[in-house]
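Engineer:
There are 2 protein chains.
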Amino acid sequence: MTLAEYLAAGQARVEAELDRLCPPETEQPSTIFRAMRYSLFAGGKRIRPILCMEAARTIHDDVPGIETVASTLEMIHTYSLIHDDLPSLDNDDYRRGKLTNHRVFGEAMAILAGDALLTLAFQTLGSLPGAKPDAQVRLLAELSSAAGAHQGMIGGQVADIEGEKQPPTRDLLEYIHRAKTGALLRASLRMGAIWAAASDAQLAALTAYGEHVGLAFQIVDDILDVEESSAALGKTAGKDAHQGKITFPAVYGLDVSRQMAQAESESARAALSPFGGRAERLREIAGMIVSRKS
Amino acid sequence: MTLAEYLAAGQARVEAELDRLCPPETEQPSTIFRAMRYSLFAGGKRIRPILCMEAARTIHDDVPGIETVASTLEMIHTYSLIHDDLPSLDNDDYRRGKLTNHRVFGEAMAILAGDALLTLAFQTLGSLPGAKPDAQVRLLAELSSAAGAHQGMIGGQVADIEGEKQPPTRDLLEYIHRAKTGALLRASLRMGAIWAAASDAQLAALTAYGEHVGLAFQIVDDILDVEESSAALGKTAGKDAHQGKITFPAVYGLDVSRQMAQAESESARAALSPFGGRAERLREIAGMIVSRKS
Numbered sequence: 021m022t023l024a025e026y027l028a029a030g031q032a033r034v035e036a037e038l039d040r041l042c043p044p045e046t047e048q049p050s051t052i053f054r055a056m057r058y059s060l061f062a063g064g065k066r067i068r069p070i071l072c073m074e075a076a077r078t079i080h081d082d083v084p085g086i087e088t089v090a091s092t093l094e095m096i097h098t099y100s101l102i103h104d105d106l107p108s109l110d111n112d113d114y115r116r117g118k119l120t121n122h123r124v125f126g127e128a129m130a131i132l133a134g135d136a137l138l139t140l141a142f143q144t145l146g147s148l149p150g151a152k153p154d155a156q157v158r159l160l161a162e163l164s165s166a167a168g169a170h171q172g173m174i175g176g177q178v179a180d181i182e183g184e185k186q187p188p189t190r191d192l193l194e195y196i197h198r199a200k201t202g203a204l205l206r207a208s209l210r211m212g213a214i215w216a217a218a219s220d221a222q223l224a225a226l227t228a229y230g231e232h233v234g235l236a237f238q239i240v241d242d243i244l245d246v247e248e249s250s251a252a253l254g255k256t257a258g259k260d261a262h263q264g265k266i267t268f269p270a271v272y273g274l275d276v277s278r279q280m281a282q283a284e285s286e287s288a289r290a291a292l293s294p295f296g297g298r299a300e301r302l303r304e305i306a307g308m309i310v311s312r313k314s
Numbered sequence: 021m022t023l024a025e026y027l028a029a030g031q032a033r034v035e036a037e038l039d040r041l042c043p044p045e046t047e048q049p050s051t052i053f054r055a056m057r058y059s060l061f062a063g064g065k066r067i068r069p070i071l072c073m074e075a076a077r078t079i080h081d082d083v084p085g086i087e088t089v090a091s092t093l094e095m096i097h098t099y100s101l102i103h104d105d106l107p108s109l110d111n112d113d114y115r116r117g118k119l120t121n122h123r124v125f126g127e128a129m130a131i132l133a134g135d136a137l138l139t140l141a142f143q144t145l146g147s148l149p150g151a152k153p154d155a156q157v158r159l160l161a162e163l164s165s166a167a168g169a170h171q172g173m174i175g176g177q178v179a180d181i182e183g184e185k186q187p188p189t190r191d192l193l194e195y196i197h198r199a200k201t202g203a204l205l206r207a208s209l210r211m212g213a214i215w216a217a218a219s220d221a222q223l224a225a226l227t228a229y230g231e232h233v234g235l236a237f238q239i240v241d242d243i244l245d246v247e248e249s250s251a252a253l254g255k256t257a258g259k260d261a262h263q264g265k266i267t268f269p270a271v272y273g274l275d276v277s278r279q280m281a282q283a284e285s286e287s288a289r290a291a292l293s294p295f296g297g298r299a300e301r302l303r304e305i306a307g308m309i310v311s312r313k314s
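Chains as they are written, first to last, in my numbering: chain A, 21 to 314; chain B, 21 to 314.
1) Whose Cβ in chain A lies nearer than 9 Å to the Cβ of residue 101 of chain B?
2) Check whether the Cβ of residue 262 of chain B lies closer than 9 Å to any Cβ atom in chain A.
3) Which one or two residues does DSSP pair with residue 119 of chain A in a beta bridge?
4) How many angstroms separate the CA atom of residue 316 of chain B from the CA atom of residue 281 of chain B?
5) List the whole-angstrom C-beta distance separating residue 226 of chain A from residue 209 of chain A, where the pair is believed to meet the contact cut-off of C-beta under 8 Å.
6) For the pair the stretch 119-132 of chain A and the stretch 177-189 of chain A, tell me if three or more CB-CB distances fall below 8 Å.
7) Roughly how many whole angstroms lie between the Cα atoms of residue 70 of chain A and residue 307 of chain A?
8) When the Cα atoms are used, what is the spatial distance from residue 301 of chain A to residue 156 of chain A?
9) Please check the pair residue 309 of chain B and residue 240 of chain B, which I expect to be a contact at CB under 8 Å, by giving their CB distance rounded to whole angstroms.
10) From residue 97 of chain A to residue 135 of chain A, what distance separates their C-alpha atoms?
11) Identify which residue in A/154, A/43 and A/82 has its Cα closest to the Cα of residue 57 of chain A.
12) Following the continuous alpha helix (DSSP H) through residue 72 of chain B, name the residue where it begins and the one where it ends.
13) With a cut-off of 8 Å, do at least 3 Cβ pairs link the stretch 23-37 of chain A to the stretch 76-84 of chain A?
14) Could you say if the stretch 258-270 of chain A and the stretch 212-229 of chain A meet the contact criterion of at least three C-beta pairs nearer than 8 Å?
15) Return the first residue and the last residue of the alpha helix (DSSP H) that residue 280 of chain B is part of.
16) So, is the C-beta of residue 157 of chain A closer than 9 Å to a C-beta in chain B?
17) So if I threshold CB-CB distances at 9 Å, which residues from the stretch 114-140 of chain B count as touching chain A?
18) Mind listing which residues of the stretch 48-60 of chain B have their C-beta closer than 8 Å to chain A's C-betas, in chain order?
19) Please compile the residues from chain A whose C-beta is within a distance smaller than 7 Å of the C-beta of residue 184 of chain B.
20) Pull up the CB-CB distance for residue 3 of chain A and residue 200 of chain A, whole angstroms please, since I reckon it's below 8 Å.
21) When the Cβ atoms of the stretch 143-155 of chain B are set against those of the stretch 101-111 of chain A, are three or more pairs found closer than 8 Å?
22) Counting only C-beta atoms, is residue 153 of chain A closer than 9 Å to chain B at any point?
23) Looking at the structure shown, is residue 59 of chain B part of a helix, part of a strand, or coil, going by DSSP?
24) Please decide whether residue 193 of chain B counts as near chain A, where near means a Cβ-Cβ distance under 9 Å.
25) Exposed or buried, residue 115 of chain B, counting other C-beta atoms within 10 Å across all chains shown (16 or more means buried)?
26) Please go through the stretch 188-261 of chain B and give each complete beta strand (DSSP E) segment of 3 or more residues, from N-terminal end onward.
27) So, helix, strand or coil for residue 103 of chain A, using DSSP?
28) Are there 16 or more other CB atoms within 10 angstroms of the CB of residue 64 of chain B, so buried, or fewer, so exposed?
29) Can you tell me whether residue 312 of chain B is buried or exposed, with buried defined as 16 or more other CB within 10 angstroms of its CB?
30) Would you kindly report the start and end of the unbroken alpha helix (DSSP H) that includes residue 155 of chain A?
31) For the ligand SAH, any of its heavy atoms closer than 8 Å to the Cβ of residue 187 of chain A?
32) So, are the CB atoms of residue 148 of chain A and residue 159 of chain A less than 9 Å apart?
33) Closer than 8 Å by beta-carbon distance: list the chain A residues that pair up with residue 266 of chain B, in chain order.
34) With distances taken from CA atoms, which of A/21, A/236, A/59 and A/122 is nearest residue 289 of chain A?
35) Less than 7 Å between C-beta atoms, sequence neighbours within five positions excluded: which residues of the same chain meet that for residue 278 of chain B?
36) Could you run through the stretch 168-179 of chain B and flag, in chain order, every residue whose CB is less than 8 Å away from some CB of chain A?
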C-alpha cells in the first residue's frame, strides 16, 4: 500500500467511526447534529486520529477500539476550528474551501456545535468498547490537558491572540506552538500508545516522536500560510502576517524555518529507532508532514 | 445549623475547592484564568455542587474527594452561563448583578473561557483524589451526557432557541427543561451517589429526587422571570416572554405552574423515604427551591 492509499484508508476508517459516534440528523434537536456533522465531515486530513491509530499499531497489530479513541482527537480538533473561525476570533468565512460553520448555521449554533463536539469527545472516552477503566482515566487526563487552558490548546490560542499585540519573541513562539497545536498532536501519539498498553519506554519514544512531528507540522503550517495562494490552501492565506501573528517565518525567516521543519522531522524519525520496521509508516508520515503542500 | 448556615458553609466549601482547581491568575496566559475566575466567583448559589455533596452524605458521613467531584458540576454550569450570555445567544449584559463575561473580557475571551471551564471539568474528573477508576469512568459518562447535545444541556439550549419560533407545546416544554436544566441537576445527585458507592436502590431514589427537584427548580425559574423585578433577580427579567421563550407560565399559566412546582417538590421529598432522617437536608433543599425569591 502506498502512503497515499494508507492515508485514504485511515481517513475512511476515522470517518466511518465519527459517523457512528455522532448522533444522526434525524435525532432532535436536529440542527445541532447537522451543524456538528457539517464540520466533522468537511474534508479534514484526519492526521491526529491517523497518528493515534498508527501509534497503537506500532505496539500491537490489532488494538480493538482504537478508532474510537482516535475519533475523540478529531472531535476536539474540529470543535477548535469551529470556534477559531468565529467572527470574534479569526473571523474566517472559508475553511478547506467550504463556508465556515457560523456562515452556514449562524454564530449561536456554531458556538453550541463546538461545545457539543468538545463534550462528545469526553462522552466517547466514557463509553469505550472493552472495559479498561484505568486506561480510560489515563486517556481522559491526556485529552483534557492537551485541550485545556494551562499548557494546552486553549492556552495556545489565547497566547496567539494576545501575541498579535506584542513583539514576536522565541519564547512566546515556542509556548504558542507547543500549546496550540503541539499538545494535541503529542496526545494523539500518547493516547494510541496508552490504549495499546505500551511500556513506559515505548510511550516515551512515541511522545518524543509526537513532540517533534507536532513542531514540524506547525512550522510547515506557518510557511504554507506565507507561500500558498488562498485557492490551494482553502482558507484565507497570508492572514497570519496581516494579523501580526507570531509565526516561525516572522521570527526566523523562511529559509531557517524550512531547515527547522526538516530537522524536527528527522528528530521525529530518530525517536522511532526502538521500534525498527514496525514504525515505518510513522517515519513516512514525518516525511510527508514536511513535504506537504496544503 | 440552620438551612441558611448550611448553604453558606456548602458554598464556602465549593468556592475553596474551585479556587484550588482553577489555575491562578499568575499563570500564563493570565487573561484566560482571569476570565474563568471572574465567572466562577461571581456569586453563584452553588446549588448543583451542594446537592452533589449532600447526596454523598446521605450515603456515608464522610466521602473523601466529594467536593472535587461536586466542583466539576459548577464548572459546567458556569461555562454554560458564559456562552448563553453571548451576544449571538441571549445577549445579556448582566448576570447576578455583575457585567457578563464578554462585557468585561470581550467575546473571544468569553468563548475561550467557557471552553476552558468545560475542559477543566473533565480534566478534574481525570485526576480525582483516591484512585477509583471504575467510579471515575461512571462520573465521566454522567457528566458528559448531562452536558451534551443529545438529551443534555446543549440539546435543551438548542431546542430553547428554536422554540422561540414555534408555538409552545407541552412536549417541547418538557424536552427543553428536562434537557436544559434537568439533566445537570439530576447528574448532581447521581454523581454524589456514585462517588459515595451508593447501592442501585439508593442511586435510583436519589435520581428520582433529582428529576423532581430539577423540574421544580425550572418551573420556579420561569415563574420568577415573570414576577420579579430586574433588581432582585440581577438579570434582565421578563425577558423570556419578550423573546417568545417556551416557559411553564406561557404554557400552563402562573397559578397552575405554582401548583406544579409544589407538587414536584413534594414528589422529590417522597422519593427520599428510604433514607429516613439522613435525607433531612435534601428535603429542606426541595422546600427551599420552591419558596426561593431569586
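The beta carbon of each residue, even a glycine, is placed where N, CA and C say it ideally should be.
Nothing here was measured: the structure is a model prediction, and the numbers come from that model.
Structural biologist: To lay it out plainly:
1) By one-based count along the second sequence, residue 101 of chain B stands at place 81. Residues of chain A passing the Cβ test: none, with the nearest at roughly 13 Å.
2) Position 242 of the second sequence holds residue 262 of chain B. Interface annotation, residue 262 of chain B: not in contact with chain A, CB-CB separation never under 9 Å.
3) For the purposes of this step, residue 119 of chain A is identified with residue 99 of the first sequence, where counting begins at 1. In the DSSP output, where bridge partners are listed per residue, residue 119 of chain A has A/114.
4) There is simply no residue 316 of chain B to check, as chain B begins at 21 and stops at 314 in what is shown.
5) Position 206 of the first sequence holds residue 226 of chain A. Position 189 of the first sequence holds residue 209 of chain A. Correct: roughly 4 Å between the Cβ atoms.
6) In short, these stretches do not touch, since the Cβ pair count stays below three.
7) The count along the first sequence starts at 1 and reaches residue 70 of chain A at position 50. The count along the first sequence starts at 1 and reaches residue 307 of chain A at position 287. In a straight line, the C-alpha of residue 70 of chain A is about 15 Å away from that of residue 307 of chain A.
8) As a working note, residue 301 of chain A is residue 281 in the first sequence. As a working note, residue 156 of chain A is residue 136 in the first sequence. Roughly 26 Å separates the two Cα atoms.
9) Taking the first residue of the second sequence as position 1, residue 309 of chain B is located at position 289. Taking the first residue of the second sequence as position 1, residue 240 of chain B is located at position 220. With a contact defined as Cβ atoms closer than 8 Å, residue 309 of chain B and residue 240 of chain B qualify at about 6 Å.
10) Against the first sequence, residue 97 of chain A aligns to sequence position 77. Against the first sequence, residue 135 of chain A aligns to sequence position 115. Those two C-alpha atoms are separated by around 12 Å.
11) Numbered from its first residue, the first sequence carries residue 57 of chain A at position 37. Comparing Cα positions, the closest option is A/43.
12) Working through the second sequence from its first residue, we reach residue 72 of chain B at position 52. For residue 72 of chain B, the enclosing alpha helix (DSSP H) begins and ends at 67-79.
13) With the cut-off at 8 Å, the stretch 23-37 of chain A and the stretch 76-84 of chain A do not touch.
14) No contact exists between the stretch 258-270 of chain A and the stretch 212-229 of chain A.
15) Position 260 of the second sequence holds residue 280 of chain B. The continuous alpha helix (DSSP H) containing residue 280 of chain B extends over residues 274-291.
16) For the purposes of this step, residue 157 of chain A is taken as the residue at position 137 of the first sequence. It does; some Cβ of chain B falls within 9 Å.
17) The residues in question are 122, 126, 127, 128, 129, 130, 131, 132, 133, 134, 135, 136, 137, 138, 139 and 140.
18) Within the stretch 48-60 of chain B, the residues whose Cβ lies closer than 8 Å to some Cβ of chain A are 48, 49, 51, 52, 53 and 56, listed in chain order.
19) Walking along the second sequence from the start, residue 184 of chain B turns up at place 164. Think of a sphere of 7 Å around the beta carbon of residue 184 of chain B: no beta carbon from chain A falls inside it, the nearest being about 11 Å out.
20) Residue coverage of chain A in this structure runs from 21 to 314, which leaves residue 3 of chain A outside it and unanswerable.
21) At 8 Å Cβ cutoff, the stretches do not touch.
22) In the first sequence, counting from the first residue as 1, residue 153 of chain A sits at position 133. Residue 153 of chain A belongs to the set of residues whose beta carbon lies under 9 Å from a beta carbon in chain B.
23) Along the second sequence, one-based indexing puts residue 59 of chain B at 39. Helix.
24) Looking up residue 193 of chain B in the second sequence gives position 173. Chain A contact via Cβ: absent.
25) For the purposes of this step, residue 115 of chain B is taken as residue 95 along the second sequence, with counting starting at 1. Burial call: buried.
26) As far as the stretch 188-261 of chain B is concerned, it has no whole beta strand (DSSP E) run of at least 3 residues.
27) As a first step, residue 103 of chain A is located in the first sequence; it is residue number 83 there, counting from the start. DSSP places residue 103 of chain A in helix when its eight states are reduced to three.
28) In the second sequence, counting from the first residue as 1, residue 64 of chain B sits at position 44. Around the C-beta of residue 64 of chain B, 16 or more other C-beta atoms lie within 10 Å, and the residue is accordingly described as buried.
29) For the purposes of this step, residue 312 of chain B is identified with residue 292 of the second sequence, where counting begins at 1. By the neighbour-count rule (16 or more Cβ atoms within 10 Å), residue 312 of chain B is not buried but exposed.
30) Taking the first residue of the first sequence as 1, we reach residue 155 of chain A at position 135. Following the DSSP letters along the chain, one finds residue 155 of chain A inside the alpha helix (DSSP H) bounded by residues 153-167.
31) The ligand SAH is absent from the structure shown, which contains no ligand whatsoever.
32) Start at 1 with the first residue of the first sequence, and residue 148 of chain A comes out as number 128. Start at 1 with the first residue of the first sequence, and residue 159 of chain A comes out as number 139. Remark: C-beta atoms of residue 148 of chain A and residue 159 of chain A approach each other more closely than 9 Å.
33) Within the second sequence, the letter at position 246 stands for residue 266 of chain B. Here the premise fails: no neighbours, minimum Cβ distance about 13 Å.
34) Working through the first sequence from its first residue, we reach residue 289 of chain A at position 269. For the residues A/21, A/236, A/59 and A/122, the minimum Cα distance to residue 289 of chain A belongs to A/236.
35) Residue 278 of chain B sits at position 258 when you count from the first residue of the second sequence. Cβ neighbours of residue 278 of chain B within its own chain (closer than 7 Å, five residues either side excluded): 243.
36) Of all residues in the stretch 168-179 of chain B, 168, 169, 170, 172, 174, 175, 177, 178 and 179 have a Cβ within less than 8 Å of some Cβ in chain A.
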